[in-house]
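Contents: one structure, followed by commentary.
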Amino acid sequence: MQPIMTPRDCPLRRKGCGGCQYAEIPYPQQLARKQAHARKLLAEWGPVEPVLGMEDPCRYRCKVTASFAEDGRRGLVCGLYAKGSRRVLPADGCPLQDELAEQAVHAVLQAARECRYTVYDPMRRTGLVRHIQIRRGLYTGQLMVTLVTGPDILPGSRRFAARVRELCPDVTTLVQNINPRPTSMVLGDKCRTLFGPGFIEDTLCGLRFRISPASFYQVNPRQTQRLYELAIREAGLTGRETVLDAYCGTGTIGLAAAGRAAQVLGVELNAAAVRDAQANARHNHIQNARFVCADADEYMNRLAEEHAAPDVVFMDPPRSGSTPEFLAALGKLAPSRVVYISCDPSTQARDIALLVREGYRMVRATPVDMFPYTEHLESVALLVRTEKR
């Protein structure tokens with residue numbers, strides 16, 4: 026496989042991938058475009074700092090997902106869906122994906138071919154394999170392969186696992202995930218470890234995090250480090266504050282901030298993510314952080330009723346943004362600082378407008394380019410309380 030230096034020359038793009046919307050644009054111009062976009066959305070509320078770009082904007086994706094299909098000429102193939110279709114483009118040289126992760130995809134495909142596995146049809150409930158998910162710990166070098174099947178039974182699983190290890194010795198653990206449902210969701214609810222511990226670990230902000238097949242972990246670890254360092258710096262922690270980490274997921278932001286705070290409280294609706302957060306706290310010997318499984322809106326209102334106001338709130342909602350109920354509850358709690366981490370500045374701007382009505386002022390926003398060569402952009406906004414309760 027010949028290395029591809031930039032998406033401009035990527036063979037997948039010529040075949041209809043569509044994943045790199047900015048493939049033809051030089052990286053400095055991409056950053057300028059994203060800067061202008063952030064300013065257009067957020068400058069009404071305060072200054073927008075220069076966008077934080079990458080020194081090397083390629084091969085940054087440490088999570089790779091590929092789907093199986095049948096090809097009349099080559100038999101079993103695996104790769105990315107072409108834009109707007111169910112046609113699979115064989116994974117070969119994507120310039121954004123981690124090279125070791127790509128090697129693991131090829132190893133799994135070869136082993137599946139040798140084991141004569143067939144593609145699962147969720148409507149007919151026939152066949153076997155559906156997807157491959159690769160997770161790589163950038164700083165530990167650990168590599169997790171998850172093979173998603175329809176049926177529970179994987180024939181010849183020992184032979185398959187041994188062949189994957191032979192073809193890609195860097196694989197740390199191999200997991201079978203079972204997902205028989207007719208859904209676009211990649212993973213099902215059940216996992217079976219074929220070899221290794223069933224998880225990998227990676228380091229972030231000086232801490233070590235456990236990553237299982239279903240764990241949320243940012244796909245660009247280099248920029249994630251910068252994103253979290255920026256967010257914690259904006260929080261202005263002195264060691265005396267009570268910090269609330271809303272939409273905390275597996276606790277990465279809250280745990281990274283715990284060493285600079287008196288206590289951290291994380292709230293997350295996903296029970297599996299909360300268990301991961303609690304385990305991550307134990308593994309890192311952090312005793313001043315606890316995590317609860319609850320709806321963030323309801324939990325914020327409960328804290329307001331109990332007059333248990335935090336000093337600082339980190340909020341990292343999904344792409345759709347927060348809710349009016351959450352923001353109203355935040356207004357009642359009235360923390361002195363809010364650090365809003367967003368993966369969509371348009372919904373962030375909408376929510377900031379509501380927070381301004383609740384008595385906050387945006388000090389600044391800083392765009393962060395987590396996904397070079399795509400139109401996606403993250404943003405960290407610092408808001409401070411201007412009205413007393």
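For the sequence shown, counting from 1, position 301 maps to 326 in this note's numbering; every step adds exactly one.
Where is the CB? At the ideal position from N, CA and C, for every residue including glycine.
Anticipated Cβ contact below 8 Å, residue i with residue j, distance rounded
| i | j | result |
| --- | --- | --- |
| G118 | C35 | 7 Å |
| L358 | A334 | 5 Å |
| M395 | L280 | Not quite, the Cβ-Cβ distance comes to about 20 Å (not below 8 Å), so this is no contact. |
| L269 | L290 | 5 Å |
| R98 | Y106 | No, R98 and Y106 are not in contact; Cβ-Cβ is about 19 Å, not under 8 Å. |
| R344 | E74 | Contact flag wrong, Cβ pair sits at about 22 Å. |
| R408 | V363 | Correcting the residue identity first, residue 408 is Leu in this sequence and not Arg. With 8 Å as the limit, L408 and V363 qualify as a contact, their Cβ atoms being about 4 Å apart. |
| T267 | D369 | The Cβ separation is near 28 Å, so there is no contact. |
Counterpart residues of residue i in DSSP-defined beta bridges
| i | result |
| --- | --- |
| E95 | L101 |
| S404 | S367 and P392 |
| F464 | Given a span of 26 to 414 for the chain in the structure shown, any question on residue 464 remains unanswerable. |
| L358 | Partner(s): none; L358 has no beta bridge. |
| A271 | V292 and M340 |
| P115 | G104 |
| C216 | N202 |
| Y385 | R410 |
| T171 | Q158 and V200 |
| E226 | R235 |
| R86 | Q122 |
| L77 | V393 |
| T151 | D146 |
Classification of residue i by the beta-carbon crowding that lies within 10 angstroms, buried from 16 upward
| i | result |
| --- | --- |
| K81 | Per the sequence shown, residue 81 should be read as Asp rather than Lys. Exposed, because fewer than 16 other Cβ atoms sit within 10 Å of the Cβ of D81. |
| A392 | The displayed chain sequence assigns Pro, not Ala, to residue 392. With 16 or more Cβ atoms within 10 Å of its Cβ, P392 is classed as buried. |
| C42 | buried |
| E400 | exposed |
| A378 | exposed |
| K59 | buried |
| Q312 | exposed |
| R160 | buried |
| S110 | exposed |
| R235 | buried |
| G100 | exposed |
| P28 | Reliability fails at P28, whose pLDDT of 49 lies under 50, so the model's placement of it is uncertain and no value is given. |
| M26 | Per-residue confidence for M26 stands at a pLDDT of 42, beneath the threshold of 50, marking its modelled position as unreliable; the derived number appears in the next sentence. Looking at its Cβ environment, which holds fewer than 16 other Cβ atoms inside 10 Å, M26 is exposed. |
| Q158 | buried |
| A282 | buried |
| E69 | exposed |
| T411 | exposed |
| E259 | buried |
| T151 | exposed |
| M210 | exposed |
| A460 | Past the boundaries of the shown model lies residue 460; the chain is included only from 26 to 414, so the question cannot be answered. |
| D341 | buried |
| G346 | buried |
| G424 | Because the chain in this structure spans residues 26 to 414, residue 424 falls outside the shown range and cannot be described. |
| P349 | exposed |
| R141 | exposed |
Which listed residue (the options) has its alpha carbon closest to that of residue i
| i | options | result |
| --- | --- | --- |
| D195 | I225, D394, N202 and S404 | I225 |
| G71 | V381, G291 and S345 | V381 |
| N295 | V364, V363, K65 and F241 | F241 |
| A239 | T218, A298, Q248 and I257 | A298 |
| T90 | R155, C368, K65 and N326 | R155 |
| T208 | G181, Q250, L219 and D146 | D146 |
| L179 | A126, A137 and D369 | A137 |
| S182 | L219, A406, M210 and G104 | L219 |
| A406 | V102, P246, R64 and Q55 | R64 |
| A304 | A256, S237 and T267 | S237 |
| M325 | V292, Y52 and H308 | V292 |
| G175 | F93, F339 and R410 | F93 |
| E127 | E139, G104, R141 and C140 | G104 |
| E139 | K108, V102, Q167 and P51 | V102 |
| F351 | E331, D376, V338 and D322 | D322 |
| K40 | M79, P51, P32 and L114 | L114 |
| T228 | F339, G284, L163 and Q248 | L163 |
| R149 | R206, T197, Q250 and P51 | R206 |
| Y52 | L77, Q243, R247 and R386 | L77 |
| E95 | H62, Q167, E49 and V144 | V144 |
| M387 | T372, Y398, Y365 and T249 | Y365 |
Minimum Cβ-Cβ distance from residue i to chain B less than 7 Å
| i | result |
| --- | --- |
| V244 | The structure shown contains no chain B; it is built from a single protein chain. |
Residue i Cβ short of 6 Å to the ligand SAH heavy atom set
| i | result |
| --- | --- |
| D336 | The ligand SAH is absent from the structure shown, which contains no ligand whatsoever. |
### Message
With three or more beta-carbon pairs closer than 8 Å as the criterion, would you say the segment 82-93 touches the segment 118-135?
### Response
yes
### Query
Does the segment 210-217 come close enough to the segment 273-289 that 3 or more CB-CB pairs lie under 8 Å?
The segment 273-289, when compared against the segment 210-217, does not touch it at the 8 Å Cβ threshold.
### Query
Can at least three beta-carbon pairs, one atom from the segment 184-201 and one from the segment 123-142, be found at a separation below 8 Å?
yes
#### Entry: Segment contact, 8 Å Cβ cut-off, at least three pairs: the segment 197-211 with the segment 171-178
Flag = yes, the segment 197-211 and the segment 171-178 touch.
### Message
If contact is defined by three or more beta carbon pairs under 8 Å, each pair taking one atom from either stretch, is the segment 351-368 in contact with the segment 303-318?
### Response
Touching, no.
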